[in-house]
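Down below is the structure, laid out as C-alpha cells.
Protein chains in written order, with this note's numbering: chain W, 7 to 389; chain U, 7 to 389.
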C-alpha cells in the first residue's frame, strides 16, 4: 500500500462542501493510496459514508489526520487541525492567504507543504484544477436562483388571459466565470439581461449568451474592444461617461448581480447607496463579492438586508456551498487533477517538485518556510 | 359620480396580495366610479398608495368600507369586516366556501351579494376572469423556484473542465395550469422533466412543453387518450399498474412537484411516506396542495420539513402570494373583467342579474339568503 490520504469533515459549521467525492476516492485508491475519509465528511454534500467505502476508502475520525501524508481540504486548516498533522504533510485547500499572514506563517511552522488551490494558473493544462472557476460557475447559477426566490414577481414574461406579466430586467456586473453563468441562468429563466465589465472584449461573450452589453460605445471603447483581453485602463473621461450610464441603468433594473473581485485586494465598490436608493421597491441585488468587502454599499455578509426604499440586498456567504452537492464534486475533481500531477506512480507517493510551474504558482509553505513570493511578509510575521 | 368601490388592505397578515391595481383603478374611475383604496393596501405587492392616486383613486381607511357599494377583496371577509359593510354591498373575493358553511351563512346574514371568484366557469368568455388559472400559473412557476432554492445541486446540466454536473430529474404530478407552468419553468432551468396526470389526454400538452409523460401506455390508455378531455375513470388493473410505475419513478427523482386538487374535496394523496422514504437524501418535494390537506404524506402547511432520510418537503402556504407583485396584477384584472360585465354604464352602478350565467355560477349569497345550489346546507346552518 502507498501513502495515506486523509479527507476531513470541514470544521467550519457553515461549510457544507467536502474535498473528495466517491469518484476521486476511487481513482486515488486505484493509484495505490490508502484513503481515509472522516465520518460524515460528505453529509453536507449528500455523499453518505457508505459511498466512500464502496469507492475503496475507509471511514475514520479527525485524529486520523496524524497519519496522513496528504490532506485534502476545502478551507485552510485551523490551528487545531495543524497540530494534528504530521510535519511534511502535503495539504491542498482554498487557503485564502491574503491578509492572513499569521495563518500562513503557522502553516510554515507546522512544517506542511500547503498548496493554495486558488493560485492555480489560468492556463489550458490547469483548467481542470481551477477551483475558482468551478466554484464561481455554481455561484453565478445560485445567485440567480437566490434572486428569483427573493423577488416578488415572476422572471419570465407570461402572456395570460388576464394580461401580460413583463419579464424581469436583470443586470450582471462583472463578466467573469460567475457573471457568465449568471447571465446564462437569468436568460434561461426568461429575464431581459444586460451586463457590463471593465474589459470591452467581454462584449462578445455577453452577446453570445443572448444578453446586451452596457457600455458607452465611443471610439475609445471600439479601439479597446478590438485590442481584446486585458486592455489598458480606459481614460478618466470614458470612466465618467460609463459611470453615468451605469447609474442611470441600475435605477431601471429589477435584479442586479455583482461579481467583481480583484485578487488580493478588497472588492471594488460598484453600487453606491445613492444607486440603491434609486431602485424601485421590491428590486433585488445579489452581492457575490460580499465576503471580500462587497461590491454594493450596504450589503452585509450572511444577511438579506431590506433598505428603507424596499430594495433587498442579498449577501449570502459561501454561495457555492449553497449547492454543495454539485460544488463538492467539481472541487474534489479539481484537487484530484492537481494531486495526480504530483504522484510518483511507482512509489505510490506524492512528490513535491518545487520547479514545476503549477507547484511554483500554488505552494505557500514548504520545509518549514513560507516559500510563495507574494508572502515574504508572512514569513517575517512568523519568525 | 357613480357608486363607490372600496379596496381594503387584506386583514390576514400573511396575504401580500391586493384586489386592485393602478390599471384597474384607472379603468373603474374612467367608468365613473369613486374608488377608495385603503392606505398601504398595495404595500405587499409593491404598489405605493401614490400609484393608486395617480390612477384616479383616493386613499382611505378601513372604515370607508361602510360607504362602499362594491368591495374588491382577495380573501373572504372576516366577521369584523362584514359588520363594516352596508347591506346590499357587492363583494368579490376568493371565498373558499367549501367546509366553511358558517362563514357563508354569515355573509348571507350581513345582506351582501358575495361572489366566489373561484367558481367562475371555465368557458372562453370568462377566461379573463379566472382567478384559479391566473394564480395557479404563478404558483407553478414559484414551486420550481422554491424547489431550486432548497435543492443542493444545480438544475441544468453543466459541462465544465472539472467534469459534468448532471441535470436534475424533475417530476410534476398533476398537469393543470400550475403543473404546466411548473413543467415549463423546470424545462427553462434545464431539468429533465417528466409529468403525469389522471387524464391521458394531458400527454400531448406535456410533450408540447418538451417533457415526457409518465404512463403505462397499454391499449386501455391509448383508447382513453384518443377519447380526450375528462375521460372515464381507468380500470382498477390499470390504476394498479400506473401506481407501481409511479412509485418506481419517484424513487429516482431529484425534485417532485405535486399540484392535484379536487374542487370541494380534500386533495388526493399521491405520495405515501414509503415513496418519500424511497427517495435519495437531498431530494426535494413541493406540495402545492398542502392547504387542501396535501398530496404528500408528511407535508406540513407553512413549513419545510426534512425527513429522516434527508428529503425536504416544502409546504409553503399561499404560493401565489410569494410572487405578490405579479399575482396581484393578474388577480385585480380578473376581478375587473368580471365586475365590468355587471356594470350599468348609464347609471354608473353595478347591477346583479341573477339570471346571468356567470352570476349564477359564482353568486353565493344575495338578498339575505344563501343562493348557490352547492350551499343549501350553509343556509340551514345560518337559520
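Cβ atoms here follow ideal geometry from the backbone N, Cα and C, with glycine treated the same way.
Residue i, DSSP secondary structure in three states
| i | result |
| --- | --- |
| residue 120 of chain W | strand |
| residue 327 of chain W | helix |
| residue 39 of chain U | coil |
| residue 303 of chain W | coil |
| residue 372 of chain W | strand |
| residue 298 of chain U | helix |
| residue 26 of chain U | coil |
| residue 34 of chain W | helix |
| residue 195 of chain W | coil |
| residue 65 of chain W | strand |
| residue 169 of chain U | strand |
| residue 319 of chain W | strand |
| residue 243 of chain W | helix |
| residue 18 of chain W | coil |
| residue 140 of chain U | helix |
| residue 335 of chain W | helix |
| residue 5 of chain U | Only positions 7 to 389 of chain U appear in the structure, and residue 5 of chain U is not among them; the question remains open. |
| residue 218 of chain W | strand |
| residue 115 of chain U | helix |
| residue 13 of chain W | strand |
| residue 189 of chain W | helix |
| residue 95 of chain U | coil |
| residue 364 of chain U | helix |
Pairwise C-alpha distance: residue j and residue i
| i | j | result |
| --- | --- | --- |
| residue 378 of chain W | residue 108 of chain W | 14 Å |
| residue 216 of chain W | residue 199 of chain W | 8 Å |
| residue 158 of chain W | residue 334 of chain U | 11 Å |
| residue 311 of chain U | residue 91 of chain U | 41 Å |
| residue 281 of chain U | residue 313 of chain U | 12 Å |
| residue 54 of chain W | residue 26 of chain W | 12 Å |
| residue 206 of chain U | residue 223 of chain U | 9 Å |
| residue 209 of chain W | residue 226 of chain W | 14 Å |
| residue 102 of chain W | residue 252 of chain U | 47 Å |
Cβ pair residue i, residue j closer than 8 Å
| i | j | result |
| --- | --- | --- |
| residue 343 of chain W | residue 134 of chain W | yes |
| residue 153 of chain U | residue 290 of chain U | yes |
| residue 328 of chain W | residue 148 of chain W | yes |
| residue 369 of chain U | residue 132 of chain U | no |
| residue 259 of chain W | residue 177 of chain W | yes |
| residue 12 of chain W | residue 42 of chain W | yes |
| residue 194 of chain U | residue 195 of chain W | yes |
| residue 166 of chain W | residue 336 of chain U | yes |
| residue 219 of chain W | residue 202 of chain W | yes |
| residue 184 of chain W | residue 146 of chain W | yes |
| residue 125 of chain W | residue 331 of chain W | no |
| residue 9 of chain U | residue 75 of chain U | yes |
| residue 354 of chain W | residue 38 of chain W | yes |
| residue 120 of chain W | residue 150 of chain W | no |
Cutoff 8 Å: residue i Cβ touching any chain U Cβ
| i | result |
| --- | --- |
| residue 301 of chain W | no |
| residue 19 of chain W | no |
| residue 340 of chain W | yes |
| residue 57 of chain W | no |
| residue 249 of chain W | no |
| residue 284 of chain W | no |
| residue 254 of chain W | no |
| residue 166 of chain W | yes |
| residue 127 of chain W | no |
Cutoff 8 Å: residue i Cβ touching any chain W Cβ
| i | result |
| --- | --- |
| residue 15 of chain U | no |
| residue 1 of chain U | Chain U is shown only over 7 to 389; residue 1 of chain U falls outside these bounds and no answer can be derived. |
| residue 332 of chain U | yes |
| residue 196 of chain U | yes |
| residue 28 of chain U | no |
| residue 143 of chain U | yes |
| residue 326 of chain U | no |
| residue 34 of chain U | no |
| residue 154 of chain U | yes |
| residue 136 of chain U | yes |
| residue 245 of chain U | no |
_Validate contact between the stretch 77-93 of chain W and the stretch 45-58 of chain W using beta carbons, cut 8 Å, 3 pairs_ = no
*Hey, is the stretch 80-99 of chain U in contact with the stretch 49-60 of chain U, meaning 3+ C-beta pairs nearer than 8 Å?*
no
*How about the stretch 272-280 of chain U and the stretch 291-303 of chain U: do they share at least three Cβ pairs that are nearer than 8 Å?*
yes
_Any contact between the stretch 168-184 of chain U and the stretch 117-133 of chain U? By contact I mean 3 or more CB pairs, one from each, below 8 Å._
no
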